[in-house]
Amino acid sequence: MEVSWVPGTSPLLRRGRRPGVVLLAHGSRRGDETPRGTVLAARWLSSLLDGVPVTVAYLESLRPTLAEATEPLVAVGVDTLVVQPLLLGEGQHWHEVATLAEDLERRWPGLSVVVGRPLARHPALPMMLAHRALVLLKGQPQPWGLLLVKAYTRFNGGDLGWAYDLARAVGQALGGGLRVAVAQSGAGPPSVEEAGEGLAALAETVAVMPCILFRGKIWGQDIIPAVDALRERYPTKRVLLSEPIGVDERLVGMLADRVREVLAWCPS
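Here the numbering used here is used: the first residue of the sequence shown is 1, the next is one more, and so on.
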């Protein structure tokens, strides 16, 4: 991805420093949604940040790595680097990013590296997911149930805190007695089957909303079979499946907020 400076009038470019951003996604061996979506998000993000250079990197499976993506930014004079995770959760991968950021500062001693927060607790995310859920559920038999499915992780007991908080916020945004549950992909716990069983006992329509950004291994290997199993087990219920969250203007706006908040704390 070519990196260059575009002059702008943003306060980010008037504080005696030259900031740059690496948008760091997880990476996937399956399909091309992850690289296409990440590159698109990087272009939009640069525009929202008034021309601050933004490039992409991946934690695994795809190239460039974080160090490879940082090198051309340093070459054009970036001295303050924001590593912004293209991640929802606050678990294992976010902590991996912090370690990788420390490695960058050792490799380029004059480079100041800061890490942005994931999107899980951004105040705009619950309303965005609530809108998507409402579109999916509109016209379906009530009462409704909504199952948020996060990517499985062993970290910190499953890294479920942000997911439960997000589920409560989405439920409050929708109101009307909607029942909301949380599951992890794969074996869980809780698994899609376990959480779906509780919702199916109380709801006529269950909407499964994957809290992942792109189609990949988790989508094809874990979520699709789990939803098919729910449909087979509860043939009289409506079991709906939302697409992954993907990249749009609202999501990129949240990423821009995360970048701005860490740059605001950087010394001039």
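Ideal placement from N, C-alpha and C gives every residue a C-beta, glycine not left out.
These numbers were taken from a predicted model, which means no experiment stands behind them.
For Ala226 and Glu33, the gap between their C-alpha atoms comes out near 21 Å. If you check the CB distance, Ala57 and Leu24 come in under 8 Å. Within its own chain, the residues whose Cβ lies closer than 8 Å to the Cβ of Gly110, once the five positions on either side in sequence are excluded, are Asp79, listed in chain order.
Leu178 and Pro118 have their C-alpha atoms spaced approximately 27 Å apart.
The shortest CA-to-CA distance from Pro244 to any of Leu147, Val170, Leu263 and Phe214 is the one to Phe214. Beta-carbon to beta-carbon, Val113 and Leu160 are separated by about 29 Å, too far to satisfy the 8 Å threshold.
Contact check for Val115 against Leu146 fails: the beta carbons are separated by 8 Å or more. Take the alpha-carbon of Gln172 and the one of Pro72: they are about 45 Å apart.
Residue pairing for Tyr164: DSSP places it in no beta bridge. Excluding sequence positions up to five before and after Ala187, its CB lies within less than 8 Å of the CB of Tyr152, all in the same chain and listed in chain order. Counting only the Cα atoms, Asp228 lies some 30 Å from Arg250. Out of Leu40, Arg30 and Arg231, the CA that lies nearest to the CA of Leu62 is found in Arg30. Annotated as distal: Gly27 and Pro53, with beta-carbon spacing of 8 Å or more. Taking the CA atoms as reference points, Gly139 sits about 24 Å from Ile223. About 16 Å separates the Cβ atoms of Ala201 and Ser191, ruling out a contact at the 8 Å cut-off. For Met209, the beta-bridge partners assigned by DSSP are Leu148. In the structure shown, Gly177 falls within a coil segment according to DSSP collapsed to helix, strand and coil. Annotation: Arg106 to Met127 spans about 40 Å, alpha carbon to alpha carbon. In the three-state DSSP reduction, Arg154 falls in the coil class, being neither helix nor strand. Taken in chain order, the unbroken stretches of alpha helix (DSSP H) that lie wholly in the stretch 11-83 and span 4 residues or more are 33-48 and 66-75. By the beta-carbon neighbour count (other beta carbons within 10 angstroms, threshold 16), Thr38 is buried. For Val182, the secondary structure class from DSSP, reduced to helix, strand or coil, is strand. Closest option to Gln84, judged by alpha-carbon separation, among Leu125, Ala167 and Val97: Val97.
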